[in-house]
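Protein chains in written order, with full-length UniProt numbering: chain L, 1 to 439; chain B, 1 to 439; chain W, 1 to 439; chain R, 1 to 439.
All residues carry an ideal CB built from backbone N, CA and C; glycine is no exception.
Below is one structure, written out as structure tokens; comments come after it.
Number of protein chains: 4
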Amino acid sequence: MNARFFPEVAPLKYAGPTSRDTFVYRWYDKNRVVLGKRMEDHLRFAVAYWHSFTWPGGDPFGGETFLRPWMHGSDEMELARAKAEVAFELFRVLDVPFFAFHDRDIAPEGRSLKESNANVRAIADVFAKKMETEKVRLLWGTANLFSNRRFMAGAATNPDPEVFAYAAAQVKNVLEVTHELGGENYVLWGGREGYETLLNTSLPRELDQMGRFLNLVVEHKYKIGFKGTILIEPKPQEPTKHQYDFDVGTVYGLLCRAGLEKEVKVNIEANHATLAGHSFEHEIAMAAALGIFGSIDMNKGDAQSGWDTDQFPTNVEDTALAFYEILKAGGYTTGGTNFDAKIRRQSIEPEDLVLAHAAAIDVCARALLIAADMFEDGALRKAVDARYARWDESENKAMLAPGASLEAIAARVEAQRLDPQPRSGRQERFEALVGSYLR
Amino acid sequence: MNARFFPEVAPLKYAGPTSRDTFVYRWYDKNRVVLGKRMEDHLRFAVAYWHSFTWPGGDPFGGETFLRPWMHGSDEMELARAKAEVAFELFRVLDVPFFAFHDRDIAPEGRSLKESNANVRAIADVFAKKMETEKVRLLWGTANLFSNRRFMAGAATNPDPEVFAYAAAQVKNVLEVTHELGGENYVLWGGREGYETLLNTSLPRELDQMGRFLNLVVEHKYKIGFKGTILIEPKPQEPTKHQYDFDVGTVYGLLCRAGLEKEVKVNIEANHATLAGHSFEHEIAMAAALGIFGSIDMNKGDAQSGWDTDQFPTNVEDTALAFYEILKAGGYTTGGTNFDAKIRRQSIEPEDLVLAHAAAIDVCARALLIAADMFEDGALRKAVDARYARWDESENKAMLAPGASLEAIAARVEAQRLDPQPRSGRQERFEALVGSYLR
Amino acid sequence: MNARFFPEVAPLKYAGPTSRDTFVYRWYDKNRVVLGKRMEDHLRFAVAYWHSFTWPGGDPFGGETFLRPWMHGSDEMELARAKAEVAFELFRVLDVPFFAFHDRDIAPEGRSLKESNANVRAIADVFAKKMETEKVRLLWGTANLFSNRRFMAGAATNPDPEVFAYAAAQVKNVLEVTHELGGENYVLWGGREGYETLLNTSLPRELDQMGRFLNLVVEHKYKIGFKGTILIEPKPQEPTKHQYDFDVGTVYGLLCRAGLEKEVKVNIEANHATLAGHSFEHEIAMAAALGIFGSIDMNKGDAQSGWDTDQFPTNVEDTALAFYEILKAGGYTTGGTNFDAKIRRQSIEPEDLVLAHAAAIDVCARALLIAADMFEDGALRKAVDARYARWDESENKAMLAPGASLEAIAARVEAQRLDPQPRSGRQERFEALVGSYLR
Amino acid sequence: MNARFFPEVAPLKYAGPTSRDTFVYRWYDKNRVVLGKRMEDHLRFAVAYWHSFTWPGGDPFGGETFLRPWMHGSDEMELARAKAEVAFELFRVLDVPFFAFHDRDIAPEGRSLKESNANVRAIADVFAKKMETEKVRLLWGTANLFSNRRFMAGAATNPDPEVFAYAAAQVKNVLEVTHELGGENYVLWGGREGYETLLNTSLPRELDQMGRFLNLVVEHKYKIGFKGTILIEPKPQEPTKHQYDFDVGTVYGLLCRAGLEKEVKVNIEANHATLAGHSFEHEIAMAAALGIFGSIDMNKGDAQSGWDTDQFPTNVEDTALAFYEILKAGGYTTGGTNFDAKIRRQSIEPEDLVLAHAAAIDVCARALLIAADMFEDGALRKAVDARYARWDESENKAMLAPGASLEAIAARVEAQRLDPQPRSGRQERFEALVGSYLR
Ligand SMILES: [Co+2]
Ligand SMILES: [Co+2]
Ligand SMILES: [Co+2]
Ligand SMILES: [Co+2]
Ligand SMILES: [Co+2]
Ligand SMILES: [Co+2]
Ligand SMILES: [Co+2]
Ligand SMILES: [Co+2]
């Protein structure tokens with residue numbers, strides 16, 4: 001494990017779209033200024049620990065395919081340290097500014113929560129040490145509250161209050177570790193917060209438990225002075241058949257119910273959006289409209305599979321539409337573009353891990369350039385504004401203001417003999433316009 | 001059109017499960033007392049005007065199949081009156097206590113909104129007259145804000161403020177007509193409140209328009225003294241690709257955003273639930289937990305088709321699970337079981353309309369009996385209570401109360417060396433238990 | 001491991017629908033004669049080794065939940081023998097006539113194929129010994145050609161011919177073992193016969209490989225004198241994104257291409273049918289119409305999840321429709337009702353395994369009784385026959401016979417001025433009729 | 001109706017990717033030679049009559065939006081002639097080489113089949129006259145056997161033999177008209193060949209009827225000397241819940257059953273492929289591998305809607321993958337790229353029809369250039385060939401040839417101690433490679 005794991009030592013460099021080299025960026029030029037900001041600062045890429053270093057390549061019908069050296073051995077903490085070496089090697093090779101992790105990704109479960117937490121802190125110390133010399137920073141940390149069998153019926157929403165307590169204690173530790181490592185966000189993904197069958201479930205109890213848990217986390221954030229953002233990652237199903245954090249709209253409702261709609265934002269994953277019946281850009285735009293847009297988990301699903309395939313994004317056009325919405329939302333503040341994506345289980349070579357990330361980074365960079373053109377050119381925005389322009393006329397604006405009433409509006413319709421004629425929505429023209437920015 | 005349209009004059013009577021007759025009820029025995037209430041009062045069946053009397057049997061690949069006499073003629077108001085005769089004939093044959101309608105179902109569109117509204121009132125007068133002698137009452141009225149081409153880009157959320165005004169004036173009329181006919185609810189279904197492509201859409205504007213529209217309706221309700229419930233019917237897509245009223249959870253969030261979560265409830269349609277990725281019973285239970293359960297549109301979809309097939313319910317077991325949740329929610333107040341269901345377009349005989357409703361009524365009645373057994377027996381409830389019982393212990397309850405903190409909980413976990421062990425969720429046993437109530 | 005694993009020693013007995021006992025059958029009365037045959041002989045239940053004894057309860061987001069004693073230890077063959085004890089204990093407790101297995105379910109992988117095959121034979125010897133005294137027989141055996149990483153890109157359709165060879169040698173062993181154990185069928189499930197991305201795939205090569213592999217298996221069947229049926233189990237996707245054995249219709253085409261449509265039949269799994277966009281009964285009826293119906297894997301999926309949830313069947317009405325098609329197809333010959341179903345991963349108690357099977361057996365038995373009533377009563381069949389009756393008139397029959405031509409038919413249409421009027425399909429009436437058999 | 005319907009008279013011209021003009025082609029340069037063939041000859045674009053000139057803009061929740069002048073009037077044949085004028089105007093404006101139609105698209109239904117057929121011939125004469133001076137040719141004709149209520153239960157598969165006869169006579173007419181107009185193919189789309197409920201259906205009868213009908217058509221083709229290709233267009237569902245022509249694999253099986261696998265090919269529609277759970281390129285590649293690739297209906301669906309949205313293609317990358325498979329299949333012979341696509345119902349301006357087609361033509365042209373680069377460069381093909389290279393070694397090839405046996409192969413595995421190790425499938429690298437051709 002002393003030797004390099006990846007084939008290339010030097011960080012990948014920008015070589016331009018026509019380069020024929022293998023280990024280069026064709027579109028990601030981190031210092032290039034786009035809409036007044038460096039590409040790196042726009043995109044804020046993060047590599048995720050779990051898929052790249054912790055997942056062994058299994059699926060429900062077959063086991064491990066990767067046979068990574070740090071997955072086989074007897075001293076688990078030693079293996080965790082070896083894994084950290086490889087992780088930071090990849091961060092360096094890819095030259096990305098961020099990474100992200102679950103507690104269980106980075107350190108083994110101990111014989112007690114105390115020991116588990118200590119393991120997490122020990123590896124966090126390794127990270128802290130490395131981060132003194134490496135440029136990579138922590139986009140977010142999170143607690144894995146779904147893999148261990150104790151969480152099989154949920155964490156905050158478990159019928160067993162001791163599991164709630166255990167989860168709370170685990171989150172406390174990771175939130176603090178995240179704070180100490182300078183993390184910019186803390187994420188909650190309710191992987192088993194939901195139910196398998198309504199028959200054995202008390203929905204009112206579980207919703208109350210979840211709301212209270214969330215408040216406890218927010219209160220602790222303030223107590224320890226964490227300045228980052230608390231993020232919820234919506235997902236409609238899988239592993240739990242019905243998950244409470246179904247999508248952005250549902251999470252917003254639950255935040256309102258818990259009085260937290262100003263405190264908590266969302267981390268939107270592309271494949272989770274599509275599994276919920278939305279487009280990725282819909283979920284981003286909806287979050288922005290509701291004031292809760294935070295960060296994204298970049299990946300793609302397979303529209304013909306009903307599960308979370310977590311593939312690396314490949315389609316530049318689709319990705320551009322997502323970044324266009326992010327630009328419209330004002331870009332990230334504490335958020336970033338985290339690759340919650342895994343190489344296919346047949347991609348067993350170390351270089352596949354490098355190439356998959358590099359290709360995805362290029363897809364996003366190319367998409368950002370297209371989105372920036374769309375944004376800067378303004379043709380789309382102007383066409384949209386024109387469509388709604390009459391709403392800015394005073395008589396129309398008044399209908400949305402206090403004092404309006406159905407009676408007054410009905411009287412106007414009759415008096416003015418209103419008979420509004422439809423106007424073309426010009427969808428194909430809008431779509432063609434988007435195509436014209438493609439490069 | 002003077003002759004009876006349906007083969008049977010006499011109202012269908014209860015004849016018991018073993019009857020071999022065709023035009024009878026095998027399970028619906030309206031005066032039978034179940035859980036202290038007459039079946040009729042539990043189920044509060046309604047027949048819907050649109051599918052049964054207004055839809056001609058077309059689909060996207062073929063036109064009219066039914067050739068109903070009231071759909072062919074030159075005097076539209078005359079046809080509307082003939083249609084009302086047939087409708088009330090069916091209400092009488094089925095012996096159901098309620099019906100429901102859209103304005104455009106009952107009366108033709110006029111050359112102006114004023115004329116259209118007058119047409120609606122004219123037929124409402126026919127209804128009022130009939131309701132003096134018939135027992136049938138109005139479950140709810142609603143405005144059709146989606147069929148006319150003026151609404152092709154939405155009603156409240158239209159980019160054209162005049163369409164908003166037109167829709168407001170139309171809703172005012174139907175709300176008042178509903179009030180005058182003694183309707184118990186008023187429903188809003190946002191059939192085109194959403195967007196086809198995000199590219200030509202301003203999401204923030206449309207959400208604001210929708211919220212304001214809803215407030216105008218609620219304000220008018222109070223102004224005219226309507227005591228019924230305002231209901232929103234969620235639907236995830238179709239006709240609009242993305243509809244804002246996606247599901248119960250999303251509607252709850254939008255109600256919170258508009259400050260209306262105490263004012264407006266939901267009318268949950270079975271097929272809309274499944275199209276949104278939920279079960280029907282999930283949506284009912286979620287609405288109950290959020291305090292917004294109102295009424296249901298009973299039907300079923302085809303799990304393998306992605307559109308709203310609006311079939312009559314046929315599966316007793318599935319239907320029993322929905323009624324069990326309704327019983328758990330305390331039953332209906334102003335709501336009811338509205339058949340938003342249509343006969344298949346090949347079912348062209350008048351008697352198909354009678355038989356389809358009768359069979360569905362029996363499915364619901366049988367389901368209610370099963371659900372009542374489940375409810376009364378209590379075995380399911382006790383098993384659920386037992387699962388959460390430890391949450392009622394004071395130390396555990398305290399975690400959900402003010403004063404709890406992650407720190408205190410974490411200290412407890414460590415002090416008590418909590419290591420919660422999972423307990424079987426017994427899903428198959430719960431499912432088998434449900435099966436044992438089947439009859 | 002000497003003690004009993006399951007709570008009940010005695011085989012479950014029929015106790016009737018109203019029994020309140022836990023470990024009994026309410027509907028499965030194996031000696032009851034239905035349509036001239038014992039229920040046991042109609043249903044031919046089989047317990048599957050893999051889900052019940054080999055799967056540890058993991059899912060993509062969490063590991064083992066069951067902690068079965070035979071899954072933890074150092075001597076793998078010893079554990080395999082312990083597992084066989086428990087398996088036969090369950091067969092006895094459930095009193096089912098059949099079981100089914102993959103080679104890798106029953107015995108550990110060795111250091112070479114030779115050793116693996118020897119392990120399989122060693123456990124087969126254990127089975128043979130047990131089967132001398134137990135009544136249980138082997139419904140089918142099959143080779144696991146998907147779990148080991150060597151099969152990650154397919155078995156017969158692997159780009160590496162050595163994997164094809166390895167798979168062929170493995171199938172030879174299991175086919176022979178199945179033959180020796182008196183198995184009534186041999187199943188092939190192409191779990192990774194397909195592709196993940198068309199980009200790296202040669203479809204023509206893979207289809208040729210698959211066709212040839214199948215012929216090799218059929219040839220070997222004759223060589224060793226195996227009288228059972230060779231079955232293919234269709235599945236549309238998962239684990240492989242696109243699997244070649246998509247559904248019954250596709251398998252039929254591939255069999256024709258390989259010249260095997262008279263030699264090979266299908267093993268139809270309920271959840272695979274629904275994943276392919278069909279109903280279970282559709283796939284059975286289609287296989288019967290194409291002359292390739294063999295056996296079934298009984299389970300159910302979740303219509304709202306896009307993966308193979310392999311749940312135990314719970315819905316009596318849906319199951320009755322499947323058995324009705326099996327009765328129409330003449331019932332099983334060598335086939336049977338294999339429970340390719342797993343308890344939910346939260347159902348961690350040994351008794352959950354018993355209760356889940358018992359409940360599913362009762363669902364099937366109850367469904368069979370309903371289906372038999374439907375079949376015997378004949379009302380459905382007569383109504384269908386009436387619908388097509390005119391096809392038996394000679395002029396109409398002639399259109400389907402040699403000698404007919406478009407010209408002659410067109411001349412008839414003109415001469416007779418044919419203007420066929422549609423007749424009601426009476427779908428709701430047919431559905432209501434089915435409901436009337438429910439019990 | 002004498003005035004031009006479309007805003008531009010002159011045919012659209014190629015103006016290059018950077019042109020800012022509205023009515024031009026940016027990528028479609030018909031005379032540009034790509035892989036030795038003119039773009040026009042590669043792509044063979046066709047405009048479809050039905051969506052563009054016959055569909056009024058309705059959907060299941062709303063009626064006509066387009067209000068085309070040729071849809072309103074009393075003399076239906078006059079309107080049909082006016083429609084033909086507009087159609088040929090669009091063919092000219094777009095400068096496409098082909099068009100396609102159903103009989104009912106071009107001419108009104110008469111009071112008898114004889115009259116209907118005469119109407120079709122009358123408009124066909126109009127076409128023939130126009131085609132003397134216009135360059136546009138007929139890609140294919142087809143009979144509409146699904147819109148009229150007589151076909152509500154199917155055409156060839158109708159329980160009523162007179163409907164079969166009627167359909168046969170109608171097909172005879174359109175096949176002859178297609179032949180006379182020099183059509184290059186004749187298409188059958190089984191829009192209602194399937195069933196709504198298995199309960200009222202005889203599957204064996206219907207499959208036999210369908211097979212015989214197809215043979216009658218093929219026999220008539222030879223009788224009249226039609227040299228074109230008979231094509232079946234697969235579709236999994238909609239309008240009929242289960243359609244027999246589900247997908248390419250299923251159609252192949254049905255062709256084998258009817259003995260027609262050498263006589264009939266497939267017309268593959270993009271959205272039908274995705275509705276069946278496949279990718280468009282999968283269906284093309286599968287048809288090519290099975291020897292039945294014919295033509296395509298180019299469009300796209302909405303992956304989140306379960307129905308056939310028939311949208312114009314917009315995604316260049318996805319489209320390039322389809323054209324890459326067409327190039328691999330050797331390109332079209334009699335087939336072409338027919339736009340079975342409709343503008344959105346909100347796109348009510350005449351120019352929307354021009355712009356939608358023009359944008360789609362550009363998407364396809366751009367996609368062809370990318371696909372041609374992929375094909376010519378050969379990097380993908382070489383990488384695929386390398387993956388399967390060992391299959392060309394004699395010992396491996398022999399396994400697929402007569403004489404091989406499981407015994408011999410198993411002996412080899414043992415003798416050579418084969419233990420094949422998996423090799424990376426390099427999916428992400430293949431995907432990135434595709435991205436590098438994007439322009
Ligand atoms: Co994620
Ligand atoms: Co994911
Ligand atoms: Co409804
Ligand atoms: Co509906
Ligand atoms: Co199976
Ligand atoms: Co399965
Ligand atoms: Co088509
Ligand atoms: Co289509």
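| Check | Outcome |
| --- | --- |
| Taking 6 Å as the limit between beta carbons, can you name the residues of its chain near G301 of chain W, skipping five residues before and five after? | N271, T274 and T309 |
| Indicate the three-state DSSP secondary structure (helix, strand or coil) for D247 of chain W in the structure shown. | coil |
| Give a yes or no on whether 8 Å exceeds the smallest Cβ distance from A360 of chain L to chain W. | no |
| Between the alpha carbons of R38 of chain R and R32 of chain R, how many angstroms are there, rounded? | 5 Å |
| Sort out for me which residues DSSP pairs S116 of chain B with in a bridge. | Beta-bridge pairing links S116 of chain B to no other residue. |
| Who sits around ligand 7, taking every residue whose Cβ is closer than 5 Å to one of its heavy atoms? | R:E269, R:D297 and R:D340 |
| Run the CB neighbour count on I224 of chain R, radius 10 Å, all protein chains shown included, and call it buried at 16 or more, exposed below. | exposed |
| Could you confirm whether any beta carbon from chain L is found closer than 8 Å to the beta carbon of Q346 of chain W? | yes |
| Apart from the five residues just before and just after S116 of chain R, which ones in its own chain have a Cβ nearer than 6 Å to its Cβ? | E109 and G110 |
| Under 8 Å by Cβ, that's how I've got I343 of chain B and A360 of chain B pegged, so tell me the actual separation to the nearest angstrom. | Contact flag wrong, Cβ pair sits at about 10 Å. |
| If we define contact as Cβ-Cβ less than 8 Å, is M298 of chain R a contact residue for chain W? | no |
| Just mark E184 of chain W as buried or exposed, buried being the case when its beta carbon has 16 or more other beta carbons within 10 Å. | buried |
| According to the Cβ coordinates, are V120 of chain L and V171 of chain L closer than 8 Å? | no |
| Out of curiosity, what's the CA-to-CA distance linking M298 of chain B and E40 of chain B? | 15 Å |
| Cβ of D95 of chain R within 7 Å of any heavy atom in ligand 2? | no |
| Mind listing the chain L neighbours of T65 of chain W? Cutoff is C-beta to C-beta under 9 Å, in chain order. | R149 and M152 |
| With DSSP as the reference, please indicate the residues paired to H242 of chain W in a beta bridge. | W:Y195 |
| Would you check whether ligand 5 has a heavy atom nearer than 7 Å to the C-beta of E233 of chain W? | yes |
| Just the chain W side, please: which residues come within less than 7 Å of I409 of chain R by C-beta, in chain order? | A165, A168 and A169 |
| Could you check the C-alpha separation between W70 of chain L and F61 of chain W for me, to the nearest Å? | 20 Å |
| Assign K83 of chain B to buried or exposed, taking buried as 16 or more other Cβ atoms, counted over all protein chains shown, within 10 Å of its Cβ. | buried |
| What does the alpha-carbon distance come out to for the pair M77 of chain L and L145 of chain L? | 20 Å |
| Measuring straight from C-alpha to C-alpha, what distance separates G63 of chain B and R439 of chain R? | 44 Å |
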